[in-house]
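Everything below concerns the one structure shown next.
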Amino acid sequence: MDPTLYLLVAVVALVVLGVVAVRFARRPKRRRLRDEYARLVGLPPAQAYEALEHRVEALMQSHPGHPLEWYLDYVLAELKRDRR
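Counting with my numbering, you get residues -15 to 68 for the letters of the sequence shown.
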């Protein structure tokens, strides 16, 4: 095969990987954290999101005034800590 064809295939592959990386990075942090929670608890997404919502609401009562991402990070940190 022609070396330029290999080069073209490599460039296309890098562009595709770049697009995928950018799309993943642009996902809102809240969504990434929710998805990680669902993956860690092993529940169907709807049930996991409902459980997460209840946990976040409880944290908002005991630790008011933080942004939503803080509560999501807190819940994930607790979950990971408790699994050790």
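Cβ atoms here follow ideal geometry from the backbone N, Cα and C, with glycine treated the same way. Here the structure is a predicted model, which means the values were calculated and not measured.
Burial state of residue i (16 or more Cβ within 10 Å)
i: Leu(-8); result: exposed
i: Tyr(-10); result: exposed
i: Val59; result: buried
i: Leu101; result: Lying before the first or after the last residue shown, residue 101 is absent from the chain, which here runs from -15 to 68.
i: Leu36; result: buried
i: Leu56; result: buried
Residue from the options whose Cα sits closest to the Cα of residue i
i: Ala30; options: Glu41, Arg18, Val40; result: Arg18
i: Pro12; options: Leu27, Val(-4), Leu52; result: Leu52
i: Arg39; options: Leu(-2), Tyr21, Ala5; result: Tyr21
i: Arg65; options: Pro28, Arg16, Leu24, Ala(-3); result: Leu24
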